[in-house]
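Just so we're aligned, residue 9 is where the sequence shown starts under this note's numbering, counting upward by one.
Comments concern the structure below.
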Amino acid sequence: MPNQFKERKALITGGTSGIGLAIAKALADEGVQVIAAGLNAVDSVHDNIRVVELDVTDDIALQQLIKDCGELDHLVNSAGVIRRQEEYNTDDFASVLEVNLTAIHRLCTLCQPKLEASSGSILNIGSLYSKLGAPHAPAYAASKGGVVQLTKSLAVAWAPKGIRVNVLMPGWIKTNFTESLRKDPERNNNILRRTPMGRWGLPQEVAHAALFLLSSKASFITGAVLPVDGGYLVD
Numbered sequence: 009m010p011n012q013f014k015e016r017k018a019l020i021t022g023g024t025s026g027i028g029l030a031i032a033k034a035l036a037d038e039g040v041q042v043i044a045a046g047l048n049a050v051d052s053v054h055d056n057i058r059v060v061e062l063d064v065t066d067d068i069a070l071q072q073l074i075k076d077c078g079e080l081d082h083l084v085n086s087a088g089v090i091r092r093q094e095e096y097n098t099d100d101f102a103s104v105l106e107v108n109l110t111a112i113h114r115l116c117t118l119c120q121p122k123l124e125a126s127s128g129s130i131l132n133i134g135s136l137y138s139k140l141g142a143p144h145a146p147a148y149a150a151s152k153g154g155v156v157q158l159t160k161s162l163a164v165a166w167a168p169k170g171i172r173v174n175v176l177m178p179g180w181i182k183t184n185f186t187e188s189l190r191k192d193p194e195r196n197n198n199i200l201r202r203t204p205m206g207r208w209g210l211p212q213e214v215a216h217a218a219l220f221l222l223s224s225k226a227s228f229i230t231g232a233v234l235p236v237d238g239g240y241l242v243d
């Protein structure tokens with residue numbers, strides 16, 4: 009079977025760590041030329057990955073990056089921040105929404121002409137808190153809920169342009185982001201107790217789902233909201 013990803017190009021924000029990096033590596037392994045953008049630029053981890061330093065709230069930098077990247081087939085929005093209790097401060101609330109939601113809208117809009125030309129696809133990264141409230145992080149939950157509704161809106165608006173837009177909702181995944189939770193016996197046990205599969209997920213498992221939604225095997229799927237959570241959100 010021919011490699012459907014060969015000679016394609018992807019831009020991944022938040023692509024230098026955690027889930028974003030796992031998706032970058034998985035696409036690169038399939039032959040995609042990946043631009044992995046993030047605040048903590050590191051040395052390239054794959055021959056097919058070009059790492060660039062990027063603040064997604066910097067509109068001028070975003071425009072320049074998208075201009076320089078040439079043709080584009082896939083956009084993955086994985087950049088995100090959380091400030092927990094500080095999010096009850098109005099300025100912190102606004103800054104979290106700027107990174108987690110507004111920047112996604114900005115990137116999608118800037119990339120839309122290139123993705124229309126390639127009949128490309130967008131994958132946004134949500135969270136369990138796209139569905140659940142978070143009293144400890146109200147801005148994070150609000151932003152991730154907004155990511156789902158933005159995804160659905162763009163999916164409907166851009167389907168006639170040949171652009172598919174979907175969202176993943178990762179559950180409790182083993183990354184640096186969740187390390188403190190895993191080291192806390194009580195919180196770790198509470199998470200595992202509620203997760204039917206009884207374990208933490210791996211970034212690579214989220215990446216496998218991402219590859220499917222970005223691929224031609226998902227050619228009739230748009231506006232989908234896919235949990236990758238070991239059953240955590242099962243009613």
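Each residue gets a CB set at the ideal place from its N, CA and C atoms; glycine is no exception.
No experiment lies behind these values; they were computed from the predicted model shown.
If I follow the unbroken beta strand (DSSP E) through N174, where does it start and stop?
172–178
Straight-line CA distance for N174 to N97?
31 angstroms
Can you say whether D81 is buried or exposed, counting buried as having 16 or more other CB atoms within 10 angstroms of its CB?
buried
A34 and A215: beta carbons closer than 8 angstroms?
yes
May I have the straight-line CA-CA distance separating A45 from R58, to the nearest angstrom?
8 angstroms
What are the complete alpha helix (DSSP H) segments, minimum 4 residues, inside the stretch 23–84?
26–37, 67–76
Nonlocal neighbours in the same chain, by C-beta distance under 7 angstroms from V89, ignoring five residues either side
V104, V107, N108.
Proximal residues to E94 (C-beta, below 6 angstroms), its chain only, five neighbours per side dropped
D100
If you scan the stretch 95–150 from start to end, which runs of the alpha helix (DSSP H) of 4 or more residues do you find wholly inside it?
98–105, 111–126
Would you mind listing the beta strand (DSSP E) stretches within the stretch 213–242 that are 3+ residues and don't spill past its ends, in chain order?
233–236
Please check the pair G22 and N184, which I expect to be a contact at CB under 8 angstroms, by giving their CB distance rounded to whole angstroms.
So it is not a contact: roughly 12 angstroms between Cβ atoms.
Can you tell me which of the three DSSP states L19 falls into?
strand
Coarse secondary structure for G154, derived from DSSP in three states
helix
Would the beta-carbon of L252 fall within 8 angstroms of that of I74?
Residue 252 falls outside the range modelled here, since the chain spans only 9 to 243, and no answer is possible.
Cβ shell of A30 (< 6 angstroms), same chain only, five flanking positions each side left out:
P211, Q212, A215
Validate contact between the stretch 187–201 and the stretch 128–146 using beta carbons, cut 8 angstroms, 3 pairs
no
Start-to-end residues for the alpha helix (DSSP H) that takes in P193
Going by DSSP, P193 is part of the alpha helix (DSSP H) stretching over 193–202.
Just curious, the alpha helix (DSSP H) that L189 is in, first and last residue?
187–190
Could you pull out every residue in the same chain whose Cβ sits closer than 7 angstroms to the Cβ of H144, ignoring the five residues on either side in sequence?
R92, Q93
Between the Cα of R114 and the Cα atoms of S127, V64, N56, which residue gives the shortest distance?
V64
Rounded to the nearest angstrom, how far is the Cβ of L222 from that of L162, given a contact under 8 angstroms?
Between L162 and L222 the Cβ distance is about 15 angstroms, and since that is not below 8 angstroms, they are no contact.
From V236, E124, N85, pick the residue whose C-alpha is nearest to that of A111; which is it?
N85
Quick check on R16: buried or exposed, where buried means 16 or more other Cβ atoms within 10 Å of its Cβ?
buried
M9, DSSP secondary structure in three states:
Since pLDDT at M9 reaches only 44, below the 50 mark, its modelled position is unreliable, and no value is offered.
Cβ-Cβ distance between K191 and W208 below 8 angstroms
No, Cβ-Cβ distance for K191 and W208 is not below 8 angstroms.
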